[in-house]
Amino acid sequence: MAEPLRVGVVGAGRWGTNIATQFRDNSRAAVTALSDIADRNREKAGERLGVDSAHRYENYEAMLEGEPLDAVQVTSPHELHYEHTLAALDRNLHVLCEKPFVPGIDRAAELTREIEASDRVVMVGFQRHVHPAYTAVRNAIAAGDIEPNLVTAEITQSWIESVAGTWRVEPELSGGGQLYDTGSHLLDAVVWMLGRRPERVSAEMEFYDDAGRVDVQATLSVRLENDTVANIAVSGDASSIHERIVVQGDQRRAVLTGTGWDYRGVEITDAEGETHTAVDGDLSSYDKVDGFLRAVAADETPPATARDAFYATALTEAAYEAARSGERVSVRQYRHGKRKA
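Positions -17 to 323 (the working numbering) are the ones given, in order, by the sequence shown.
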């Protein structure tokens, strides 16, 4: 059996520690070091993960320089993902970067190019890419069983109540609001399942702050390749956690639903109501950690790539522009090229 992958954690707050426990519990990995600017986070995470004080760092660069690592988990605030992922790549390390990749379209494009030019495995934390309900829809579309013409998608939660007072409502660290946070999962899932790039978007939003930077509610009308239309709603001020995606085709439709953060299921039916596919399962971030480790072990493309994440960022940024301008906005497409000096 191969030696466990030595993983260092960059960003050891509550969610970062939760993900790191999944590395700890996987026989393919061992959490050997962590970094966080907060003393309390380092202490609590170290105790929970079994990382002693000699391997807990305030400065992530000191950890990268001082520890013999194979991979890094990036679970810092969103605006720091670019810096932390690039630093890990510069040291030839594999990276699991938590969603939403990186805010800002230029940085997302630059980081995608760096990742695609590297021989390291870099996965973005979109666990829907490894969930059987979402992959069943993606596979049905790819096989031509569903030829989508209209998609409706929504996700709701009591987001603003749970994050008020944290960095998630500070756009200098979060990049935005609910659309960049939980909403990124939904935007990514829609684009990834359809296998079609978003081209144009119009949007309306309600904001938490007077400056109009931290959105709580968003509705998007997205035009994708092949004249597919997706209407997407994201609410961060709802009473419950709920997700629903309907992909309507000429002959078949897929209805994917779930409540809470655990269960998701899908049924694919034809025009007569006959069920052709019924799949469900837990929505666990354990699966994305395992998918990342499998990709590293096999030296293969991970389930959720930088290119996937780029289009989630591109759609998000275009939606913000559309909401603020009141105009329909083109979604930036990916272009190959070198990183700017």
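Every residue, glycine too, gets a C-beta built ideally from N, C-alpha and C.
Residues of its chain near residue i, where Cβ-Cβ distance is below 6 Å and the 5 sequence neighbours each way are ignored
i	result
residue 132	211, 230
residue 39	17, 45
residue 314	87, 296
residue 118	248, 259, 261
residue 28	38
Integer Cβ distance of residue i from residue j, believed to fall under 8 Å
i	j	result
residue 11	residue 275	6 Å
residue 59	residue 158	Actually they do not touch by this definition, with Cβ atoms about 12 Å apart.
residue 115	residue 247	6 Å
residue 81	residue 166	5 Å
residue 312	residue 181	7 Å
Separation of residue j from residue i, as counted between CA atoms
i	j	result
residue 57	residue 205	32 Å
residue 152	residue 298	17 Å
residue 174	residue 136	16 Å
residue 255	residue 134	19 Å
residue 187	residue 202	9 Å
residue 78	residue -1	14 Å
residue 25	residue -4	12 Å
residue 124	residue 43	42 Å
residue 33	residue 6	10 Å
residue 194	residue 307	12 Å
Backbone secondary structure at residue i - three-state DSSP
i	result
residue 128	coil
residue 184	strand
residue 8	coil
residue 252	strand
residue 189	strand
residue 38	strand
residue 109	helix
residue 209	helix
residue -1	helix
Residue i at chain B interface by Cβ criterion, 8 Å
i	result
residue 139	Here there is only one protein chain, and chain B is not present.
Close-in-space but distant-in-sequence residues of the same chain around residue i (CB under 8 Å, 5 per side omitted)
i	result
residue 244	264, 265, 266
Cβ-based neighbour list, residue i, same chain, cut-off 7 Å, excluding 5 preceding and 5 following
i	result
residue 190	142, 151, 159, 196, 198
residue 89	64
residue 41	17
residue 185	200, 201, 202, 301, 304, 305
Residue i: CB within 7 Å of a non-hydrogen atom of the ligand GTP
i	result
residue 311	The ligand GTP is not among the ligands present in this structure, which contains no ligands whatsoever.
For the pair the segment 220 to 235 and the segment 93 to 105, tell me if three or more CB-CB distances fall below 8 Å. Counting C-beta pairs with one atom in each stretch, the segment 220 to 235 and the segment 93 to 105 have fewer than three that are closer than 8 Å, which means they do not touch.
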